[in-house]
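Everything on this sheet refers to the single structure shown next.
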Amino acid sequence: MSHTPLSPTGALSVITFRNYTTYKRHWKLFVTGFLEPVFYLLSIGIGVGALIDSFTFNGQQIPYAAFVAPGMLAASAFNGALMDSTFNVFFKLKYEKLYDQMLATPLTTADIARGEIVWGQLRGGVYSAAFLLVMLAMGLVHSWWAVLALPATLLIGFAFSAVCMGLTTYMTSFQDFDKITLAQLPMFLFSATFFPVDAFGDGVLRWVVEATPLYRGVVLCRELTTGAVTSASLVSVGYLVVMGLFGLWLVRRRLDRLLLT
Amino acid sequence: MTDATAHDPGTAHALATGSMITARDLRKSFGTFEAVKGIDVDVRRGEVFGFLGPNGAGKSSTMRMIAAVSPVTSGELRILGMDPATDGPSIRARLGVCPQEDTLDNELNVVDNLFIYGRYFGIDRATCRERAAELLEFANLTDKAKAKVEDLSGGMKRRLTIARSLINRPELLLLDEPTTGLDPQARHVLWDQLFRLKQAGVTLVVTTHYMDEAEQLCDRLVVMDKGLIAAEGSPRELIAAHSTREVAELRFGVGEHEAIADKVADLGERVEVLPDRLLVYTDDGEHVLAQVHERGLTPVATLVRRSSLEDVFLRLTGRSLVD
Ligand SMILES: Nc1ncnc2c1ncn2[C@@H]1O[C@H](COP(=O)(O)OP(=O)(O)O)[C@@H](O)[C@H]1O
Ligand SMILES: [Mg+2]
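One line per chain: the protein sequences are Y and B, in this order.
Okay, so the first sequence: first residue is 643 according to the working numbering, each after it adds one.
Okay, so the second sequence: first residue is 872 according to the working numbering, each after it adds one.
Now the structure itself:
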């Protein structure tokens, strides 16, 4: 007989292939997700940026757009990851019973958790890669460190995809997603995406913002594309790795609880 | 098949005993509710084994434990000689599962449902493609290969689900209510396909609440009710053990059956009162009818038929299979 059960990486690639096959039909939906951060870059970064004479970041003068762009880069990974790990996962779990189908085969809940999280991560990664090219074309990349920006966005995608998929397993109806939307917009606007975190002063608020995951992603991307990398960058990396691993653990546990009844 | 399975620890055992499934005092609880209350089952290689019982009997709960997706609450369960708690993926690699509700992938077209499902088993692309084409043929869906799943009729979806469960050439095929919701013609087409699989050496486990399906398909079956097994045997053995050769059905006016039952009680071995008719169990139905008329009783309609599994169920549980 020609088959042996899949290894974890084999399972990952098969689940990814399944998701890719379904997306071939929905490529327009796919493209719109990419455009949003680009529009923000153009309207806020370039448009509003034209009103700002000089902008100092990290002791050096940079165009305002070069400050906003890495924020949007992180946001594109964040948005992309959320699209698949929330609504789509909920639909597959509760309505399509896709994971029940997969569990009738040698695939395990761990395979499903990894496969779906990585898919969300990849979607964010594709958006980020495209966005990075836009940044390059517009002259908004100022350091060779930027080659690490893509892995950084994959890390952001992993962290959000994993935790959001974990939260999604607790949802009981589509209304519950209002909570995610409610958290998504302020995170997008206030994670030092459009203005530096100093604007929050030195109080608790700043401390809160600095502890949120998208902020960690935004500063990490900004440090890389502007070349302001320090050992503090590792804090962000560590934060996002731990967040992603926690999400992975949670998803696996929740799928066991929900599906293996 | 032999070279791939030779490494599995359970196979030697299963081959030696010829046992595909062994359950001892198998139980399943959901919270405080016990859906399966301690059953013993042995399914032998190559047979069609049935679980016959009404809705809520615990058939699906049992099937999900056998499919190695639902943890056993207590008792012992071995599938192909392996323990589902520890060897889930290895067991599932050799099972075909057709769940009670069709769980097709609506985001994929018909042929991709087969192809990608095969890939979940780790079957290489070329083989998946080949088998998908064969199975479309088997399920009479070749001309629907590129159709969306949601555009298929109920019968087509069921055939696709069954075809999909065969993609890994399973040794053991689990079918949970395979024909529920299908029209009579579609049911016969399915039965015919299941016979062909049996002939090809596949062991089949079928649940059903249709007694005709159980009689047609099963070599052996258990009658299940309220989480327990009430009887076990071949359809013929069960009928011989729990019913008479024939049944005389007598239909009187509405509400008269209860009263008339006493007047015919001595004519057969046993009389059952249903809301719309009386069943007199006997080895000679025509003789019973003659005596009924002799006693001046005038049923609106009469029928003499052979005993069925429905009668066995009625005898064992006091209730009808389909309410
Ligand atoms: N996941 C579950 N949680 C709680 N109760 C369940 C669950 N699955 C089945 N049951 C209950 O267990 C009993 C047996 O169900 P089931 O095995 O589906 O019976 P059948 O397939 O014979 O109709 C039913 O009373 C059903 O409500
Ligand atoms: Mg059932």
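All residues carry an ideal CB built from backbone N, CA and C; glycine is no exception.
Nothing here was measured: the structure is a model prediction, and the numbers come from that model.
Requested in this report: Kindly list the residues whose CB is nearer than 8 Å to the CB of Y/D742, restricted to its own chain and excluding five residues on each side of it in sequence; keep chain order.
Outcome: Once the five neighbours on either side are set aside, the close Cβ partners of Y/D742 are L901.
Query raised in the report: Closest to B/D1047 by CA distance: which of B/L951, B/A1057, B/D911, B/R1029 is it?
Result: The shortest C-alpha separation from B/D1047 is found at B/R1029.
Query - Separation of B/E918 from B/V1183, as counted between CA atoms - result: Roughly 22 Å separates the two Cα atoms.
Query raised in the report: Does Y/E738 come within less than 9 Å of chain B when only Cβ atoms are used?
Result: At least one chain B Cβ lies under 9 Å of Y/E738.
Query raised in the report: What distance in whole Å lies between the Cβ atoms of B/H1128 and B/V1144, which are believed to be in contact at a cut-off of 8 Å?
Result: Cβ atoms of B/V1144 and B/H1128 come within 8 Å of each other, at about 5 Å.
Report task. Use the C-beta contact count for B/S961: other C-beta atoms within 10 angstroms, 16 or more gives buried, fewer gives exposed. Result -> Here B/S961 is buried, its C-beta having at least 16 other C-beta atoms within 10 Å.
Query - Which of helix, strand or coil DSSP assigns to B/E1048 - result: In this structure, B/E1048 counts as coil in the three-state DSSP scheme.
Requested in this report: Quick one: list the residues of chain B neighbouring Y/G757, beta-carbon separation under 8 Å, in chain order.
Outcome: Result: empty, since nearest Cβ-Cβ is about 10 Å, beyond 8 Å.
**Report entry** Proximity to Y/V805 [Cα-Cα], best of Y/P679, Y/K736, Y/F676, Y/R756
**Finding:** Here the closest residue by C-alpha is Y/R756.
**Report entry** Run of the beta strand (DSSP E) containing B/G946, from where it starts to where it stops
**Finding:** 945-950 is the extent of the beta strand (DSSP E) around B/G946.
Requested in this report: Using a Cβ-Cβ cut-off of less than 8 Å, give me the residues of the region 968-979 of chain B that come near chain Y, in sequence order.
Outcome: Within the region 968-979 of chain B, the residues whose Cβ lies closer than 8 Å to some Cβ of chain Y are V968, P970, E972, T974, L975, D976, N977, E978, L979, listed in chain order.
Requested in this report: Could you tell me if the beta carbon of B/S932 falls within a distance shorter than 8 Å of some heavy atom in ligand 1?
Outcome: Result yes, Cβ under 8 Å from ligand 1.
Report task. Would you decide whether Y/R660 is buried or exposed? Buried here means 16 or more other CB atoms lie within 10 Å of its CB. Result -> The residue is buried, with at least 16 neighbouring Cβ atoms inside 10 Å.
Requested in this report: Quick one: list the residues of chain B neighbouring Y/V656, beta-carbon separation under 7 Å, in chain order.
Outcome: Result: R990, Y991.
Query raised in the report: Does any residue of chain Y bring its CB to less than 9 Å from the CB of B/D954?
Result: Using a CB distance cut-off of 9 Å, B/D954 does not count as an interface residue toward chain Y.
**Report entry** Segment limits, alpha helix (DSSP H) that includes Y/S803
**Finding:** For Y/S803, the enclosing alpha helix (DSSP H) begins and ends at 791-810.
**Report entry** Option in Y/F676, Y/A834, Y/S696 with minimal Cα separation from Y/V710
**Finding:** Nearest to Y/V710 by C-alpha distance, out of Y/F676, Y/A834, Y/S696, is Y/A834.
Query - Closer than 8 Å: Y/T903 CB and nearest ligand 1 heavy atom - result: A distance criterion of 8 Å places the beta-carbon of Y/T903 in contact range of ligand 1, judged by its closest non-hydrogen atom.
Requested in this report: Please confirm whether any heavy atom of ligand 1 lies closer than 8 Å to the CB of B/T1078.
Outcome: True, at least one ligand heavy atom lies under 8 Å from that Cβ.
**Report entry** Option nearest B/P1170 by Cα separation, candidates B/Y1152, B/F1009, B/I1100, B/R1122
**Finding:** The closest CA to that of B/P1170, considering only B/Y1152, B/F1009, B/I1100, B/R1122, is found on B/R1122.
Query raised in the report: What residues in its chain sit with their C-beta under 8 Å from that of B/A1034, if we drop five residues either side in the sequence?
Result: Excluding residues within five positions, the ones whose Cβ falls inside 8 Å are L985, L1006, L1007, F1009, A1010, L1012.
Requested in this report: Could you tell me whether any non-hydrogen atom of ligand 2 is closer than 8 Å to the CB of B/E1048?
Outcome: Yes, ligand 2 has a heavy atom inside 8 Å of this Cβ.
Query raised in the report: Would you say B/T1032 and B/C1089 are within 9 Å of each other, going by their C-beta atoms?
Result: In this structure, B/C1089 does not lie closer than 9 Å to B/T1032 by Cβ.
Query - Three or more C-beta pairs below 8 Å linking the region 759-766 of chain Y and the region 799-814 of chain Y - result: They touch, by the three-pair rule.
**Report entry** Of the listed residues Y/F837, Y/T814, Y/L809, nearest to Y/A825 (C-alpha basis)
**Finding:** For Y/A825, the nearest C-alpha among the options comes from Y/L809.
Report task. Using a cut-off of 8 Å between C-beta atoms, extract the partners of Y/L671 located in chain B. Result -> For Y/L671, there are no C-beta contacts with chain B under 8 Å, since the nearest C-beta of that chain is about 12 Å from it.
**Report entry** Same chain only: Cβ atoms within 8 Å of B/T873, ignoring 5 sequence neighbours per side
**Finding:** Below a pLDDT of 50, predicted positions are generally treated as unreliable, and B/T873, at 41, falls in that range; the measurement from the model is reported next regardless. Cβ within range, chain order: n/a, list empty.
Requested in this report: With DSSP as the reference, please indicate the residues paired to B/D913 in a beta bridge.
Outcome: Looking at the DSSP assignment, B/D913 forms a beta bridge with B/T893.
Query raised in the report: Whose CA, out of B/V1094, B/G927, B/R1040, lies closest to the CA of B/V1073?
Result: Taking only the C-alpha atoms, the option nearest B/V1073 is B/R1040.
Query raised in the report: Across which residues does DSSP place B/E1143 in a beta bridge pair?
Result: Note: B/E1143 is bridge-paired with B/L1150 in the DSSP secondary-structure output.
Query raised in the report: For ligand 1, any of its heavy atoms closer than 8 Å to the Cβ of B/G927?
Result: Checking the Cβ of B/G927 against ligand 1 gives yes.
Query raised in the report: How would you list, in chain order, the residues of chain C whose beta-carbon sits under 9 Å from the beta-carbon of Y/P650?
Result: In the structure shown, chain C does not exist; the protein chains are Y and B.
Query raised in the report: Do B/V1076 and B/V914 have their C-beta atoms within less than 9 Å of each other?
Result: Yes; because the gap between Cβ atoms is below 9 Å, this pair is in contact.
Requested in this report: Verify the CB distance criterion: does B/V940 have a CB-CB separation below 9 Å to chain Y?
Outcome: Yes - at least one Cβ of chain Y is within 9 Å of the one on B/V940.
Query raised in the report: Between Y/G713, Y/F733, Y/Q703, Y/I657, which lies nearest to Y/M807 when the distance is taken from Cα to Cα?
Result: Nearest neighbour of Y/M807 by Cα position, chosen from Y/G713, Y/F733, Y/Q703, Y/I657, turns out to be Y/F733.
Report task. May I have the straight-line CA-CA distance separating B/R1186 from B/T1115, to the nearest angstrom? Result -> One Cα belongs to B/R1186, the other to B/T1115, and the distance between them is close to 11 Å.
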